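Counting along the sequence shown from 1, when you hit position 61 you're at 62 in this note's numbering, and nothing is skipped either side.
Even for Gly, the Cβ is constructed at its ideal location relative to N, Cα and C.
Just so it is clear, the structure is predicted and the values come from calculations on it, not from any experiment.
Notes to accompany the following structure.
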Amino acid sequence: MAPPGSVCPSRPGGLVAQVTSRRARCHGNRRSGRWERNGPPQPGTTRDHRALSGRDMFADSTAPGADVQSLWRSARSVRCEAKACQTGKISTAEAAAQSHISQDAVVQTEQSKDAVQDFQQEVQVDYTGLLSFLQRVEDAVIKELNKNWKSHAFDGFEVNWTDQDETVLCLHTLSYPEAQDQNLQVTSVSWNATGSVIACSYGRLDDGDWSTEKSYVCTWNLDRRALNPQHPDLVVDVPSSVMCLAFHPSQPSLIAGGLFSGELVVWDTSRTEDPVIWRTGMTDDTHTDPVYQVKWLPDTQHRNHARLLSVATDGKILVWREEQDGRLALAEGFAIVAQQIPRSTRLKKVGWGEAAVGVTSLSLSHFDADVFVVGVEGGYSLRCSALAQAPALPRPGGSVLLRAPVELAFSAHAGPVYSVSCSPFHRNLFLSCGTDGQVHLHSMLQTQPLLALQLSKKYLFCVCWSPVRPLVFAAASGEGDVHLFDLASSMQKPAVSLKQSMSDCPVYCLEFNTKHTRLLAAGDAAGTVKVWQLSSDFTEQGPREMSHLEQLASEITD
């Protein structure tokens, strides 16, 4: 027998058996709670007898394995860690603010209570001495105040908090290329009730076949961001030449126009399909000559309705009312005939066929709804009254009896009067201009003009008072200029002359913007409309301007 601890090669698995046996013994002792390291077995046990027997000592045996349960997965899940995440949860905390403690180091008015008391003690008013001083200087102060009261050093000075514009600028040059290709001219311009939309009419004022020539009415919204000067926002095709137009005073989308055919048409620009909403048609009441002026009148009987007034070279001044069927019906009318004009005008006696006096322009008084002024082809300006009851000479046809409104005729121009304009600041003043190139300033109380200005060697087609400056007006000349007059600075020459076109084509029409008072629109024979921005000199009223206007109106020239 081999000694204990040796390896017997003849017994298969000897070494393995020995190692396995020792491992088993170790397991057994561990299970019983005790560990043995090569110590002698305890005598008196059955196991001790087997260990002493050589055969049993190296017998093969299989001991059960020991399992150790893994806890890393459960521990990882408890910590809410995800294996697929790039990083674990990041905890943040605000450790400190930029400045969490504030302190006033120095305050200008901060004083201690002692300093305040010292200051109050130091301020002591000598009322007796103060009274003595005021009594000594009283006479001198009153004398200087009286001198300042009578001084005119600051007359005309007015504080203005807005930016000052020293020059007149051209903001927009508008045109419709298709109308220009037909050599059509801008015959009239008008601003809508909001002051943001400008409309112009195209036609012909010189020689041409007006009655059959197609024309247009175009509008531009100047507040639109994508404003295209050569692409109007609205284009209305009109079968006859449009001689004049006017926006409604309170409804921004309504435009009235007078045609060469004698008709009146009202368009609604909000309707893109068929903008025509009213028209006179060709009846016995319609004008038989071109309509050169159209005005909106308030309807005294129906506040929500308006009436239209039109003038033409057939001598008629007609008032139209709207009907539900889209017609404009004649409400009342007047006629200017040679027999009704006062003899002081020295008109030649004419037969019935020449009795009518062609009316070219009209202006309503801003102070009296029943007073208006007209300009006629004979060169005269006429003051008229809507209250006149005398009938004009009998005329064939017509549904309304026409009345004779003329009350006073003024000194004539050397040619037809093309434009008249009543002052918005004085009830008796109005302007007129005509083919003689002169502007006349008239008082309605006398026949002779207060002032006659020679502005052009050619025609003057339009004259218009400023809506904000009592002494400022504009005139359009046949030489292509827009003249701005300021009677406060000069009674003889324009303050500014604007070149509308380099080709010297006539300027036919102009109109001030009553909402945006710095804007003035002018249309010319080249088919363009220019919008001018006026300088502050033409838009800011001086403190003594009204008194100057009153003084001018009170002058007697007869």
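| Item | Value |
| --- | --- |
| Separation of E556 from Q294, as counted between CA atoms | 31 Å |
| Per-residue DSSP class, three states only, for E546 | helix |
| Endpoints, alpha helix (DSSP H) assigned at G334 | Not the alpha helix (DSSP H): G334 falls in the beta strand (DSSP E), residues L329 to A336. |
| Inter-residue CB distance, L298 and V277 (contact presumed, cutoff 8 Å) | 21 Å between Cβ atoms; not a contact. |
| Minimum C-alpha distance to H517 - residue among S382, L363, N193 and A496 | N193 |
| Short Cβ contact (8 Å threshold) for V421 with S412 | no |
| Contact set for T540: own chain, Cβ-Cβ below 6 Å, skip 5 residues either direction | V469, T518 and R519 |
| Best match in C506, S424 and A522 for proximity to E551 [C-alpha to C-alpha] | S424 |
| Close-in-space but distant-in-sequence residues of the same chain around L535 (CB under 7 Å, 5 per side omitted) | V169, R519 and L521 |
| Per-residue DSSP class, three states only, for P495 | coil |
| CB of S189 within 8 Å of CB of S216, strictly | no |
| R308: first and last residue of the uninterrupted beta strand (DSSP E) it sits in | A307 to A313 |
| Residues near D369 in its chain [Cβ-Cβ closer than 8 Å; skip 5 each side] | R428 |
| Under the three-state DSSP convention, the category G130 falls into | helix |
| Beta-carbon proximity of S271 to S254, cut-off 8 Å | yes |
| One or two residues paired with C506 in a DSSP bridge | Partner(s): none; C506 has no beta bridge. |
| With 16 other Cβ atoms within 10 Å as the buried cut-off, status of L131 | exposed |
| Exposure of Y177, with buried meaning 16 or more beta-carbon neighbours within 10 Å | buried |
| E556 - DSSP class collapsed to helix/strand/coil | coil |
| Alpha helix (DSSP H) segment containing D182, residue limits | P178 to D182 |
| Separation of V375 from V532, as counted between CA atoms | 27 Å |
| Cutoff 7 Å; reference D437; Cβ partners in own chain excluding five residues on either side | H414, A415 and G416 |
| Residue from D285, L206, D234 and D269 whose Cα sits closest to the Cα of F261 | L206 |
| Separation of E378 from L446, as counted between CA atoms | 22 Å |
| For S240, the residue or residues it bridges with in DSSP | Note that residue 240 corresponds to Pro in the displayed sequence, not to Ser. Per DSSP, none; premise fails for P240. |
| Inter-residue CB distance, E479 and S457 (contact presumed, cutoff 8 Å) | Note that residue 479 corresponds to Gly in the displayed sequence, not to Glu. With a Cβ gap of about 6 Å, G479 and S457 count as contacting. |
| Exposure label - S467; buried when at least 16 CB within 10 Å | buried |
| W150 classed as buried or exposed, judged by whether at least 16 other C-beta atoms fall within 10 angstroms | exposed |
| Distance between V243 and T314 (C-alpha atoms, nearest Å) | 15 Å |
| Cutoff 7 Å; reference V218; Cβ partners in own chain excluding five residues on either side | A200, S202, V237, V239, V243, L246, I256, G258 and W268 |
| Environment of S504 [buried if 16+ CB atoms lie within 10 Å] | exposed |
| For Y381, the first and last residue of its enclosing beta strand (DSSP E) | Segment: none, Y381 is in no beta strand (DSSP E) and carries neither H nor E. |
| Spatial distance of Q542 from V473 (CA atoms) | 10 Å |
| Secondary structure, beta strand (DSSP E): runs of 3+ residues fully inside the segment 399 to 430 | 407 to 410 and 418 to 423 |
| T220 versus S548 - alpha carbon distance | 39 Å |
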